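Chains as they are written, first to last, in the working numbering: chain A, 149 to 403; chain B, 29 to 360. Take a look at the structure set out below.
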Amino acid sequence: MASLETHQLLIDVPGRADGRCLDLRMQPGERWGVLGPNGAGKTTLLHTLAGLRAPRAGEVWLDQRALARWRRRELARRLGVVFQERHDDFPATVMETAMIGRHPYLSPWQRESDAEVALAQAALRRLDLEHLASRLVSTLSGGERQRVSLATVLTQAPGWWLVDEPTNHLDLHHQVATMRLLEEQASAGCGVVMCLHDLNLAARWCSHLLLLYPDGEACWGPAEAMLEPAALEKLYDQPLTLVEADGAPVFVPRV
Amino acid sequence: MNDADFSFRGRAGRMPPLVWLLLAALLSQGLALVLGSVAIPLDALGAVLAGGGESLHRTLVLELRLPRALAAFGTGGLLALAGALMQVLLRNPLADPYVLGLSGGASVAALLAMLAGFGTSLVAGSSFAGALASTLIVFGLAHGTGSWTPTRMLLTGVVMAAGWGALISFLLTVSPVEQLPGMLYWLMGDLAYADSPWPVLGVAAASLLVMLPLGRTLNVLARGGLQAAVLGVNVRRMEWLLYLLASLLTAVAVTTAGSIGFVGLMVPHMLRLKLGNDQRLILPASLLAGGTLLTLADTLARTMVAPQQLPVGVITALLGVPSFLYLLYRSR
Numbered sequence: 149m150a151s152l153e154t155h156q157l158l159i160d161v162p163g164r165a166d167g168r169c170l171d172l173r174m175q176p177g178e179r180w181g182v183l184g185p186n187g188a189g190k191t192t193l194l195h196t197l198a199g200l201r202a203p204r205a206g207e208v209w210l211d212q213r214a215l216a217r218w219r220r221r222e223l224a225r226r227l228g229v230v231f232q233e234r235h236d237d238f239p240a241t242v243m244e245t246a247m248i249g250r251h252p253y254l255s256p257w258q259r260e261s262d263a264e265v266a267l268a269q270a271a272l273r274r275l276d277l278e279h280l281a282s283r284l285v286s287t288l289s290g291g292e293r294q295r296v297s298l299a300t301v302l303t304q305a306p307g308w309w310l311v312d313e314p315t316n317h318l319d320l321h322h323q324v325a326t327m328r329l330l331e332e333q334a335s336a337g338c339g340v341v342m343c344l345h346d347l348n349l350a351a352r353w354c355s356h357l358l359l360l361y362p363d364g365e366a367c368w369g370p371a372e373a374m375l376e377p378a379a380l381e382k383l384y385d386q387p388l389t390l391v392e393a394d395g396a397p398v399f400v401p402r403v
Numbered sequence: 029m030n031d032a033d034f035s036f037r038g039r040a041g042r043m044p045p046l047v048w049l050l051l052a053a054l055l056s057q058g059l060a061l062v063l064g065s066v067a068i069p070l071d072a073l074g075a076v077l078a079g080g081g082e083s084l085h086r087t088l089v090l091e092l093r094l095p096r097a098l099a100a101f102g103t104g105g106l107l108a109l110a111g112a113l114m115q116v117l118l119r120n121p122l123a124d125p126y127v128l129g130l131s132g133g134a135s136v137a138a139l140l141a142m143l144a145g146f147g148t149s150l151v152a153g154s155s156f157a158g159a160l161a162s163t164l165i166v167f168g169l170a171h172g173t174g175s176w177t178p179t180r181m182l183l184t185g186v187v188m189a190a191g192w193g194a195l196i197s198f199l200l201t202v203s204p205v206e207q208l209p210g211m212l213y214w215l216m217g218d219l220a221y222a223d224s225p226w227p228v229l230g231v232a233a234a235s236l237l238v239m240l241p242l243g244r245t246l247n248v249l250a251r252g253g254l255q256a257a258v259l260g261v262n263v264r265r266m267e268w269l270l271y272l273l274a275s276l277l278t279a280v281a282v283t284t285a286g287s288i289g290f291v292g293l294m295v296p297h298m299l300r301l302k303l304g305n306d307q308r309l310i311l312p313a314s315l316l317a318g319g320t321l322l323t324l325a326d327t328l329a330r331t332m333v334a335p336q337q338l339p340v341g342v343i344t345a346l347l348g349v350p351s352f353l354y355l356l357y358r359s360r
């Protein structure tokens with residue numbers, strides 16, 4: 149299975165000192181959470197991992213090969229990205245939007261097969277969007293659009309999921325459903341990297357954590373080792389209280 | 029059949045709109061052949077098309093009306109196709125082929141050629157050169173020292189267009205009075221200048237063949253550069269292709285008939301409201317609908333105040349402005 153690695157990677161956040169080089173070794177089946185305050189470079193890192201943005205130094209390797217040596221189309225079958233921002237300037241239905249996930253698999257004259265339509269339908273069902281299939285995406289709520297983006301990547305069926313704020317705009321039920329979906333993908337052999345704002349979601353659902361500090365410092369490792377209240381307080385510059393609920397740690401900001 | 033099946037337009041659901049548009053296109057060609065200073069009855073038209081008929085009818089249909097109707101169809105199709113491509117390139121459903129100042133460059137060059145007393149074909153050649161020069165200037169400037177964004181390109185084009193507009197006004201002020209009507213007709217768009225319909229028709233068919241296999245790629249590109257890149261699209265290369273092709277189409281259209289407004293903006297936009305945004309359908313539909321619209325508009329322009337002819341651009345604007353405002357008002 150394909151590992152995702154960074155070698156001496158420095159992400160390019162404009163106007164910031166280099167900080168620490170990232171040497172991540174991420175394996176399929178792992179669920180990596182990227183934590184950090186606003187502007188720490190979470191999204192920049194995610195885009196760099198997807199090959200959408202050139203790093204300041206170092207390289208990203210997928211399956212023992214530098215991203216630059218992959219063909220974009222080949223990469224598109226292996227890396228899926230859920231963006232934080234979306235462009236819905238043109239009218240498109242939910243179903244059409246999910247179907248674009250099949251683009252990397254189709255040659256120019258080829259049309260989507262019935263099997264691919266079925267794949268998109270299954271993705272919509274998985275994200276509770278079946279009843280909205282023929283609605284225009286521009287008429288949906290923020291949370292529904294977020295689920296459409298997840299359904300698109302599910303239709304794309306990549307080996308690696310790079311997800312920017314998976315729970316953005318989602319209600320509590322769909323937050324849990326989404327994290328469960330990512331967990332399910334990981335246990336099916338995919339790798340997951342997600343940027344998160346919510347410490348408690350990270351504590352509950354991530355197997356590994358990467359903490360990004362605003363000055364470019366970073367540390368990473370298995371989740372249980374990274375969930376040190378002192379380190380997290382420093383990360384967010386915010387005192388925290390650690391409580392326990394249902395046998396799991398819960399971090400509450402102290403005011 | 030459930031909702032999801034229904035909402036995804038499969039192969040079967042794709043044909044009917046194009047069939048309807050093709051019928052409308054043929055009908056508009058028929059109207060353009062029949063109507064005019066001398067109305068030609070349908071049976072006489074049939075005789076002419078079958079290779080017989082009276083000699084007056086033959087001359088009217090085969091030498092005057094048919095070339096002009098075909099040129100109108102080709103020009104309208106090119107403009108609508110160019111508009112659809114430009115809208116995807118700029119990620120803006122309200123872009124039109126002239127938005128980047130291309131017609132301004134063409135107009136200035138054409139007016140200069142007219143001032144110099146050149147004949148029709150030199151005016152056409154000059155306007156083509158002007159259009160391409162404007163294209164290259166805008167692309168070079170929008171590219172600048174860094175990467176370009178749709179917004180930056182749009183701004184560069186809009187500013188260039190304003191500059192060309194000022195030059196056009198200047199040229200009109202200093203031109204001799206007897207040349208003004210010809211110049212104004214050219215600026216408003218007029219198919220009387222079209223010599224042969226084959227260049228426009230050929231370019232329209234060829235560009236459709238180039239773009240059709242890229243339709244799905246354009247669908248993805250319309251959702252933004254990053255999203256497209258993640259789905260395996262070579263964004264930079266596609267944007268170059270779109271820009272150059274849309275510019276070429278517009279340049280050919282402008283060269284044939286001057287700058288005819290609203291077709292390139294309105295036709296793709298209206299079709300998207302009706303048919304959704306699958307470029308594999310929208311591109312051929314734009315070609316057919318744009319051609320039909322301009323054929324009808326030109327027929328009106330020839331017949332409304334006959335024997336006088338109106339510039340066809342006036343008709344498209346008069347039809348276009350209210351219907352477009354209505355659509356905007358109705359849309360969310």
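Built from N, CA and C at the ideal position, the CB exists for glycine as well. The model shown is predicted, which means the values in this text are computed figures rather than measured ones.
- A53 (chain B) places its beta carbon 8 angstroms or farther from that of T327 (chain B).
- Its chain contains A334 as the residues whose beta carbon lies nearer than 6 angstroms to that of G177 (chain A), once the 5 sequence neighbours on both sides are disregarded; these appear in chain order.
- The beta carbon of M211 (chain B) lies closer than 7 angstroms to those of L139, M142, L200 and S203 in the same chain, with the five residues before and after it left out.
- Chain-ordered, the chain B residues with CB closer than 8 angstroms to the CB of R221 (chain A) read G260.
- With a cutoff of 8 angstroms on beta-carbon distance, L359 (chain A) and W368 (chain A) are scored as near each other.
- Within the same chain, T245 and L249 come within 7 angstroms of M266 (chain B) by CB-CB distance, once the 5 residues on both sides are set aside.
- For the region 251-277 of chain A, residues whose beta-carbon sits nearer than 7 angstroms to a beta-carbon of chain B comprise H251, P252, L254, P256, W257, R259, V265, Q269 and L272.
- By the CB criterion at 8 angstroms, Q337 (chain B) and A220 (chain B) fall inside the cutoff.
- The closest CA to that of A366 (chain A), considering only A:E153, A:I159 and A:G228, is found on A:I159.
- By the 16-neighbour rule on beta-carbons within 10 angstroms, T179 (chain B) is exposed.
- In the three-state reduction of the DSSP assignment, E365 (chain A) falls in the coil class.
- At a cut-off of 8 angstroms between beta-carbon atoms, A150 (chain A) makes no contact with chain B.
- Following the DSSP letters along the chain, one finds D71 (chain B) inside the alpha helix (DSSP H) bounded by residues L70 to L77.
- For D312 (chain A), the secondary structure class from DSSP, reduced to helix, strand or coil, is strand.
- Counting C-beta pairs closer than 8 angstroms gives three or more between the region 310-325 of chain B and the region 288-296 of chain B, which meets the contact rule.
- Below the 9 angstroms Cβ cutoff, chain A contributes F231, E233, R234, H235 and D237 as neighbours of G252 (chain B), in chain order.
- Taking the CA atoms as reference points, P339 (chain B) sits about 39 angstroms from S286 (chain A).
- Going by DSSP, P178 (chain B) is part of the alpha helix (DSSP H) stretching over P178 to V202.
- When secondary structure is reduced to three states using DSSP, A198 (chain A) falls in the coil class, being assigned neither helix nor strand.
- Inter-residue distance for A216 (chain A) and L344 (chain A) is about 27 angstroms (C-alpha atoms, whole angstroms).
- Under the Cβ criterion (8 angstroms, minimum of three pairs), the region 184-194 of chain A does not count as touching the region 260-272 of chain A.
- For T154 (chain A), there is no enclosing alpha helix (DSSP H); the residue is found in the beta strand (DSSP E) stretching over L152 to L158.
- Taken through DSSP and simplified to helix, strand or coil, P370 (chain A) comes out as strand.
- A distance of 8 angstroms or more separates the beta carbons of W218 (chain A) and V340 (chain A).
- Here S162 (chain B) has G129, L130 and G133 as same chain residues with Cβ atoms under 6 angstroms from its own Cβ, once five neighbours each way along the sequence are excluded.
- Closer than 7 angstroms at the C-beta level to chain B, one finds these residues of the region 179-211 of chain A: A198 and L200.
- When DSSP reads this structure, A214 (chain A) sits in a beta bridge with A:W209.
- For E392 (chain A), DSSP records a beta bridge to A:P397.
- Comparing C-alpha distances from F167 (chain B) to each of B:R308, B:G348 and B:G185 shows the shortest one belongs to B:G185.
- Taking 8 angstroms as the upper bound for CB-CB distance, L388 (chain A) and F399 (chain A) are in contact here, some 5 angstroms apart.
- Membership of W180 (chain A) in any alpha helix (DSSP H) is not indicated; the residue belongs instead to the beta strand (DSSP E) covering R179 to L183.
- Counting along the chain, H356 (chain A) sits inside no alpha helix (DSSP H); it lies in the beta strand (DSSP E) bounded by residues H356 to L360.
- In summary, P306 (chain A) is buried, with 16 or more beta-carbon neighbours lying within 10 Å of its beta-carbon over all protein chains present.
- Using a Cβ distance threshold of 8 angstroms, V231 (chain B) and L113 (chain B) do not count as a contacting pair.
- By the criterion of at least three beta-carbon pairs nearer than 8 angstroms, the region 118-129 of chain B is in contact with the region 188-195 of chain B.
- Of the candidates A:L194, A:M374, A:A205 and A:A198, the residue whose Cα lies closest to the Cα of C169 (chain A) is A:A205.
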